[in-house]
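A.B. asks: Before we start, here is the structure in question, set down as structure tokens.
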């Protein structure tokens, strides 16, 4: 008897996270987060205004890590040096990523009082990046085969074809938004292929990514209901795909099928399933999308490097690493100290929140000469830690690099020169670091 596939749940696609947050603060300006410490780099305005560079530079000059005693996210250690971040990342038992301590962002776990006043159970989304060994190892191993060099070789042809077709469709002599037309389109398309997600609904992936990845949004209790409503719709949609895949005669090679046929992941609680979806969606969407926009911004801002790119396409693989260093699409990751310890002369206590500012490490003068300058010939560009370091290094790093390389190669093949020609709007957040809008115009070289 034939199995009838479950109907897809109805999912909303508005308002966007950005619109909801903007509206909330317009109506409740008194609720904007207040930052009193001069080195509290959890403030989102410095990323929206692109004024974060001198603050981190001053901090690095004073030392590799600093205690910030007060912030809207509570006290925390700001780790700003490249070597210090690698040191902490190399000690995952001492510096935990576990969601049970607070996870991987600067956000606080809700207190028992906050949960009681909200009338809801504790809402948390475990995911393998926010787990310690051994749980982290088993779940990561489930999806890792999708991102091996052989896996990349299988995907490259399709990525190149989709990238080329999109570039050929772009308007000439007309200003358009690169973020929406190119960066979002390419990354959501890639995610849809990875998940075996219905193509016509792929923009839902961007919508869910934005609602789950915005740390400032998560501080607004009045938006909790809307946010969790959207995440539950995401969970229900993916659950319908999960049920469909259970009826497949042969296991597929999409991420949902890989989870389904994995002992480490096929018995996940609903919250854990949703958590890992959020991880894979935000990890595969925000990071690559913002680097694809960063490429255009940086080449336009550095005409000498653009000329070098146009004259020497063999520099493209290294240019990808340098763009990742300059853009750093996720500004920070958080750890929680599990025992009293000393790091670079500083005493860190058990329970302390430790925030690793990758954004700063990638501009560390002790590692990168003239770090605020784009240099696509930079010999040590690969030393960036935009993907993290150690056991939690981004599982999809190779795929991100491949997508960026193919984009640059296909731009070069068509002799396309992309100029910033209008509004630039950056993401107002301390976690996802990127562009909301980048208006451009295309000419040829």
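In the working numbering, the protein residues as written are 3 to 447. We put the beta carbon where it would ideally sit given N, CA and C, even for glycine. Predicted model only: the values in this text are computed from it and were never measured.
(1) Can you tell which of 88, 56, 15 has the C-alpha that lies nearest to the C-alpha of residue 395?
(2) With distance defined between alpha-carbon atoms, name the residue in 189, 182, 274 nearest to residue 439.
(3) When the Cα atoms are used, what is the spatial distance from residue 35 to residue 430?
(4) Apart from the five residues just before and just after residue 55, which ones in its own chain have a Cβ nearer than 8 Å to its Cβ?
(5) Just confirm the distance between the C-beta atoms of residue 404 and residue 158, as a whole number of angstroms; I'd bet it's less than 8 Å.
(6) How do the segment 214 to 232 and the segment 161 to 170 stand: do at least 3 beta-carbon pairs fall below 8 Å, yes or no?
(7) Whole-angstrom Cβ separation of residue 191 and residue 204, contact assumed at under 8 Å?
(8) Report the residue ranges of all alpha helix (DSSP H) runs contained in full by the segment 32 to 105; include only those spanning at least 4 residues, in chain order.
(9) Taking residue 379 as the reference, give the member of 325, 330, 426, 423 with the closest Cα.
(10) Counting only C-beta atoms, is residue 79 closer than 8 Å to chain C at any point?
(11) In three-state DSSP terms, what is residue 313?
(12) Would the segment 85 to 101 and the segment 44 to 64 be scored as touching if the rule is three or more Cβ pairs under 8 Å?
(13) Rounded to a whole number of angstroms, what is the C-alpha to C-alpha distance between residue 74 and residue 314?
(14) Can you tell me which of 69, 426, 336, 153 puts its alpha carbon nearest to the alpha carbon of residue 349?
(15) Rounded to the nearest angstrom, how far is the Cβ of residue 283 from that of residue 207, given a contact under 8 Å?
(16) Does residue 30 pass the burial test, meaning 16 or more other C-beta atoms within 10 Å, or should it be called exposed?
(17) In or out: residue 146 buried (at least 16 other Cβ within 10 Å) or exposed?
(18) If I'm right that residue 250 touches residue 307 with Cβ under 8 Å, what's the distance once you round it to whole angstroms?
(19) Of the choices 106, 311, 290, 197, whose alpha-carbon is the least far from that of residue 418?
(20) Pop quiz: residue 293 and residue 269 are said to be a contact at Cβ under 8 Å. What is the actual Cβ separation, rounded to whole angstroms?
(21) Helix, strand or coil for residue 236? Go by DSSP, reduced to three states.
(22) Excluding the 5 residues preceding and the 5 following residue 383 in the sequence, name in chain order all residues of the same chain whose CB lies nearer than 7 Å to its CB.
(23) How many angstroms separate the CA atom of residue 62 from the CA atom of residue 367?
(24) Would you list the one or two residues that DSSP bridges to residue 359?
(25) Can you tell me whether residue 220 is helix, strand or coil according to DSSP?
(26) CB-CB under 7 Å to residue 217, same chain, minus the five flanking residues each way: which ones, in chain order?
(27) Quick one: is residue 447 buried, meaning 16 or more other Cβ sit within 10 Å of its Cβ, or exposed?
(28) Quick check on DSSP: helix, strand or coil for residue 231?
(29) So what does residue 344 bridge to, in DSSP terms?
(30) Would residue 276 and residue 237 be called neighbours here (beta carbons separated by less than 8 Å)?
(31) Can you tell me which of the three DSSP states residue 178 falls into?
(32) Exposed or buried, residue 180, counting other C-beta atoms within 10 Å across all chains shown (16 or more means buried)?
(33) Hey, how far is the Cα of residue 253 from the Cα of residue 264?
C.D. replies: This is what the structure gives:
(1) When each option's Cα is compared against that of residue 395, the closest is 88.
(2) Put simply, of 189, 182, 274 the residue whose alpha carbon is nearest the alpha carbon of residue 439 is 182.
(3) Rounded to the nearest angstrom, the two C-alpha atoms are 13 Å apart.
(4) Closer than 8 Å at Cβ, skipping near neighbours: 365, 374.
(5) Between residue 404 and residue 158 the beta-carbon gap is near 6 Å, inside 8 Å, which marks them as a contact.
(6) Touching, no.
(7) 6 Å between Cβ atoms; contact.
(8) The qualifying runs are 47 to 50, 55 to 64, 84 to 91.
(9) If we check each option's Cα against that of residue 379, 325 comes out closest.
(10) Reference to chain C is not applicable here, since this structure consists of a single protein chain.
(11) The DSSP-derived three-state label of residue 313 is helix.
(12) Short answer: they don't touch.
(13) Residue 74 and residue 314 have their C-alpha atoms some 47 Å from each other.
(14) For residue 349, the closest C-alpha among the options 69, 426, 336, 153 is that of 69.
(15) With a Cβ gap of about 6 Å, residue 283 and residue 207 count as contacting.
(16) The residue in question, residue 30, is exposed, as its Cβ has fewer than 16 Cβ neighbours within 10 Å.
(17) Answer is exposed; the Cβ neighbour count stays below 16.
(18) The Cβ separation is near 47 Å, so there is no contact.
(19) Among 106, 311, 290, 197, the Cα nearest to that of residue 418 belongs to 311.
(20) Actually they are not in contact, since the Cβ atoms of residue 293 and residue 269 sit about 35 Å apart, beyond 8 Å.
(21) In this structure, residue 236 counts as helix in the three-state DSSP scheme.
(22) The beta carbon of residue 383 sits closer than 7 Å to the beta carbons of 320, 323, 324, 327 from its chain, once the five residues preceding and following it are set aside; these are given in chain order.
(23) A straight-line Cα-Cα distance of about 9 Å links residue 62 and residue 367.
(24) In the DSSP assignment, residue 359 forms a beta bridge with 334.
(25) In this structure, residue 220 counts as helix in the three-state DSSP scheme.
(26) Leaving aside the five residues that flank residue 217 on each side, the residues in its chain whose CB is nearer than 7 Å to its CB run, in chain order, 107, 108, 109, 431, 432, 433.
(27) Burial call: exposed.
(28) The answer is helix: DSSP assigns residue 231 an H, G or I state.
(29) Secondary-structure assignment with DSSP links residue 344 through a beta bridge to 349.
(30) In this structure, residue 276 sits near residue 237, with a CB-CB distance shorter than 8 Å.
(31) Looking at residue 178 - three-state DSSP - the assignment turns out to be strand.
(32) Burial call: buried.
(33) Their Cα atoms are separated by approximately 11 Å.
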